[in-house]
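Those protein sequence lines, which keep their order, are chains A and B.
When you line the first sequence up against this note's numbering, it's residues 165 to 414, in that order.
When you line the second sequence up against this note's numbering, it's residues 545 to 872, in that order.
Backbone N, C-alpha and C fix where the C-beta goes; we use that ideal spot for every residue, glycine too.
It should be emphasised that the depicted structure is a prediction, and the values quoted were computed from it without experimental measurement.
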Amino acid sequence: MKIAVCIKRVPDMDVRFKIAPIGNAVDEAGLKFDMNDFDSWAVEAALQIKDKDSATEVVIVSLGSDSVQETIRKALAMGADRGIQLKVDRIPFDGLAIAQALAAELKDGGFDLILFGKQSADSSNGVVGAMVGELLGLPVVTAISKLELSGGTGSAKREIEGGQEFVEFPLPAVLTIDQGLNTARYPALKGIMAAKKKPLDVKPAQLGEQSVTIVQMELPAERPAGRIIGEGAATVPELVRLLQTEAKVL
Amino acid sequence: MANVFAFAETRNGELRKIGLEAVTAARQIADETGGNVDAFVAGAPGVGAHAEQLAKYGADTVVVVEHAGLEKYNPEALAATVAERVRGGGYRVVIFPTSALGSDLAPRVAAKLGVGLVTDVTAIKLDGDAVIVQHPVNIGKVIATVKIASQPALIGIRANMFTPTEKPHAGTVERAEPVEDPSASRVVVKEVKLGGGARLDLGEAPVIISGGRGLKGPDNFKMLEDLAAAFGNAAVGATRVVTDEGWRPHSDQIGQTGRLVSPQLYVAVGISGAIQHLAGMRTSRTIVAINKDKEAPIFKIADYGIVGDLFEIVPVLTAAVKEAKSRG
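(1) Report the three-state DSSP secondary structure of T317 (chain A) (helix, strand or coil).
(2) If you measure from the beta carbon of A667 (chain B) to each beta carbon in chain A, is any gap under 8 Å?
(3) Cβ closer than 7 Å: which chain A residues qualify as neighbours of F843 (chain B)?
(4) Here's the rule I'm using: 16 or more other beta-carbon atoms within 10 Å means buried, otherwise exposed. How should Y601 (chain B) be labelled?
(5) At the level of alpha carbons, what is the spacing between W205 (chain A) and N682 (chain B)?
(6) Can you confirm whether R629 (chain B), when its beta carbon is compared against all beta carbons of chain A, has any partner nearer than 8 Å?
(7) I want to verify the contact list: residues of chain B whose CB lies under 7 Å from the CB of G247 (chain A), in sequence order.
(8) For a contact defined as C-beta to C-beta under 8 Å, what are the partners of T235 (chain A) on chain B?
(9) Is DSSP giving M381 (chain A) helix, strand or coil here?
(10) Specify, as a first and last residue, the run of the alpha helix (DSSP H) that A492 (chain A) falls within.
(11) Would you kindly report the start and end of the unbroken alpha helix (DSSP H) that includes M114 (chain A)?
(12) Could you check which residue in B:A840, B:D837 and B:A772 has the C-alpha nearest to that of L861 (chain B)?
(13) Please list the partners that F333 (chain A) has in chain B, where partner means a Cβ-to-Cβ separation under 7 Å.
(14) Consider the Cβ of I573 (chain B): report whether some Cβ of chain A lies at a distance smaller than 8 Å.
(15) Skipping 5 residues on each side, what residues in its chain have a beta carbon closer than 7 Å to that of T689 (chain B)?
(16) In whole angstroms, what is the alpha-carbon distance linking Y617 (chain B) and L649 (chain B)?
(17) Along chain A, in chain order, which residues have C-beta atoms closer than 8 Å to that of R792 (chain B)?
(18) By the 10 Å Cβ neighbour count, where 16 or more other Cβ atoms means buried, how is Q408 (chain A) classified, buried or exposed?
(19) What number of angstroms, rounded off, separates the C-alpha of L335 (chain A) from the C-alpha of V305 (chain A)?
(20) How big is the Cα-Cα spacing for V608 (chain B) and N580 (chain B)?
(21) Please classify I308 (chain A) as buried or exposed, where buried requires at least 16 neighbouring CB atoms within 10 angstroms.
(22) Considering only the beta carbon of each residue, do G747 (chain B) and E269 (chain A) sit closer than 8 Å?
(23) Check the Cβ-Cβ distances between E558 (chain B) and every residue of chain A, and say whether any is below 8 Å.
(24) Output needed for G741 (chain B): all residues of its chain with C-beta closer than 7 Å, excluding positions within five of it in sequence on either side, in chain order.
(25) To be precise: take each residue of the stretch 313-333 of chain A, compare its Cβ to all Cβ atoms of chain B, and keep it if any distance is under 7 Å. Which residues remain?
(26) Using a Cβ-Cβ cut-off of 8 Å (strictly less than) and excluding sequence neighbours within five positions of K367 (chain A), which residues of its own chain qualify?
(27) Within the same chain, show all residues whose beta-carbon is closer than 7 Å to that of L415 (chain A), passing over the 5 residues directly before and after it, in chain order.
(28) Looking at the structure shown, is M199 (chain A) part of a helix, part of a strand, or coil, going by DSSP?
(29) Could one say the Cβ of S694 (chain B) lies closer than 8 Å to chain A's Cβ atoms, at least one of them?
(30) Using beta-carbon positions only, say whether I393 (chain A) and G756 (chain B) come within less than 8 Å of one another.
(31) Along chain B, which residues have their Cβ under 8 Å away from the Cβ of F257 (chain A)?
(32) Give me the chain B residues within the contact set of P401 (chain A), using Cβ-Cβ distance strictly less than 8 Å, ordered along the chain.
(33) DSSP three-state label for E234 (chain A), please.
(34) Compare the Cα-Cα distances from A210 (chain A) to each of A:A285, A:I186 and A:A244 and report the closest residue.
(35) Would you mind telling me which residues of chain B sit closer than 9 Å to S231 (chain A), beta carbon to beta carbon, in chain order?
(36) Using only the alpha-carbon positions, how far apart do M545 (chain B) and V630 (chain B) sit?
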C-alpha cells in the first residue's frame with residue numbers, strides 16, 4: 165500500500181497573537197511552530213497501517229517555506245518513509261490554490277490513500293482535503309474518527325452533530341482525519357536519527373490562481389474581565405437573579 | 545443585482561435550523577441589491593414540503609430535488625447536483641452551513657466549479673465585484689477579513705450567527721433531478737446513529753451545560769443532564785479530557801479540535817479553562833463558571849463565577865432554575 169499524508173506547519177496557539185505591521189498577517193516573531201494536531205493524527209493513521217504491513221510506503225507532503233522541512237522531518241522521525249516539500253515563500257489562505265498544488269503533485273503518485281487532517285488550526289477553513297479529492301476524481305470521506313480497511317474497500321465513522329455516520333468507500337480514496345481516531349506517537353531517538361537520512365525532495369509548488377485573500381486581521385474584542393460572584397451553593401440565588409435581570413437568559 | 549443561492553440542510557427529512565440560517569443570510573445579501581434568493585432542498589420524496597417554510601424565510605424560488613437515493617447524505621450525487629445548479633444560476637454568492645454535512649459538501653462544489661470558498665463565516669458584505677467575509681483564524685484568537693473575488697463566492701456560515709428571520713417571498717417551487725445517479729455514488733452512508741431522540745444539538749442549543757475533569761466520572765454527567773433538563777432548551781457538552789477518557793462521546797467535545805459554539809448561555813462546570821477549550825466557547829454571550837479552584841483560567845472570562853464544590857452547587861442550581869422556570 166502507498167499512502168500520502170499532507171501536513172501543515174502551524175504556530176503554537178497557546179500565545180497572545182500580535183498583528184504584523186502589514187495588517188493582514190500575524191507577527192511571527194517569537195512564535196513556535198509544529199505539526200498541525202489533526203495532521204499528526206493523519207500521520208499516525210498511516211503509520212498504524214504501516215505497522216501492520218511493512219511493505220507500506222508513507223510519503224509526507226507539505227507546502228511551505230524551507231522551515232517546513234523541520235516539520236516534515238518530524239513525521240519522518242515518527243516513521244514515515246520520505247518527504248516532499250512543495251516550496252512557496254508564503255502559504256496562501258486560498259484553499260483551492262493549495263489543493264491545486266497538492267493535486268498536481270499527487271495525481272501520478274499511485275497512492276492508495278491520501279490523508280489530511282480535518283483542518284488547520286491557523287487558517288481554520290477545513291477545505292483542502294476534500295478539494296484535492298475532488299480535483300483528483302477520487303472518493304472523499306471527511307472528518308473521520310474511525311477507519312477500517314479490508315482489501316480494496318474501507319469503512320469509516322464520521323462525527324456529525326449529535327451522532328455518527330458510518331460510511332463505506334472504495335480505494336484509492338482521500339480521507340480527512342478528525343480527533344478521536346488515534347493518539348499520535350512521539351518520535352523516538354532512533355527515529356530522529358533515522359529521519360536525518362530519509363529522502364526529502366524539494367519542488368516548486370504549482371499553486372493555483374488565488375481568488376481568496378486575507379485583507380485584514382484584527383484581534384477580537386476582549387471579553388470584559390471575569391467576575392467571581394461568590395463561593396458555594398449559597399451564591400446560587402444571586403446567580404439566578406443575575407441570569408434573569410442582567411444577562412436575561414433565564 | 546446579486547442573486548444568492550442557499551443550501552437548506554435537512555436531516556431525516558427535517559429542515560435543520562442552520563438551513564434556515566443559510567436562507568436568512570442569503571436574504572440579507574440579496575436585499576442589499578434587489579436580488580433573488582434560490583433555496584435548494586434535497587432529500588427523500590416528501591422533502592419538498594419544506595418549500596413553504598423556506599418561502600416564509602425569504603426564498604423567491606425553492607429548488608426541490610427529491611430522490612429515494614438522497615434520504616441519507618449522498619456526498620457525490622449531492623455535490624454534482626448542487627454544482628450543476630450553481631453553474632447555471634448566475635449567482636453572486638452561494639451559502640452553505642458550516643456543519644458536518646456542509647463542511648463536507650461545500651469544498652467538493654467549490655473544486656468542481658473552480659471557485660473560492662471560505663467556511664465558518666460570521667459576517668458577510670458585498671464590496672463591488674467582491675464579497676468580504678469575517679472568518680476567525682488561529683482558533684478564534686484572530687479575526688480575518690477575507691476577500692473572495694471569484695464569481696460566485698462560496699461561503700460556509702457559522703451556526704448561530706444569522707438568526708432565522710421571517711421575510712415571506714414567493715417561494716416558487718422548481719423541481720429538479722439529481723444530475724448523477726445517487727445509487728452510483730462511490731461514497732455511501734450506510735448508517736446514521738443519532739443520540740437520544742429529542743436531544744438538542746450543541747450547535748443549535750441556546751444554552752449549553754458543559755462538564756470537565758472536575759466531574760470525576762461519566763456517571764456524574766447525570767447531574768448536568770438534570771440541569772440541562774431544568775433549562776429545557778439546553779444541550780450537554782464536554783472538554784477534551786472528558787471525551788478522551790470516554791466519559792462522553794467525541795461528538796460532544798467543545799474546543800479547538802471539537803465543536804465551536806456560541807450559545808446565549810454557557811455553563812462551565814468543573815472546567816479549568818484550557819486555552820483549547822476556551823477557543824471553542826469564548827464567543828458565548830454569557831458564561832457561567834463553577835469550579836473549586838478560584839485561580840482557574842475559566843474565571844478570567846466568566847461573566848459569573850462561583851467558587852466551590854460543584855457537587856453541592858449544581859443540584860441547588862438545578863432546583864433554582866426549575867423554580868425560576870415554573871414561575872415563568
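According to the structure data:
(1) strand
(2) no
(3) G390 and I392
(4) buried
(5) 19 Å
(6) no
(7) Simply none; closest approach about 24 Å.
(8) Near T235 (chain A) there are no residues of chain B at all, since even the closest Cβ is about 17 Å away, more than 8 Å.
(9) strand
(10) Missing from the structure shown is residue 492 (chain A); chain A here goes from 165 to 414 and no further.
(11) With chain A running from 165 to 414 in the structure shown, residue 114 (chain A) is simply not present.
(12) B:A772
(13) R730 and V731
(14) no
(15) I676 and Q678
(16) 10 Å
(17) Correct list: empty, because the minimum Cβ distance to chain A is about 12 Å.
(18) exposed
(19) 11 Å
(20) 16 Å
(21) buried
(22) no
(23) no
(24) Here the model assigns G741 (chain B) a pLDDT of 46, short of 50, so the residue's position is not dependable, and the following value carries that caveat. Taken in chain order, the list of residues that qualify is empty.
(25) R322, E323, I324, E325, G326, G327, Q328, E329, F330, V331, E332 and F333
(26) I248, Q249, L250, K251 and E269
(27) One cannot answer for residue 415 (chain A) here, as it falls past the ends of chain A, which runs 165 to 414.
(28) strand
(29) yes
(30) no
(31) A688 and V690
(32) A864
(33) helix
(34) A:A244
(35) Residues of chain B passing the Cβ test: none, with the nearest at roughly 18 Å.
(36) 16 Å
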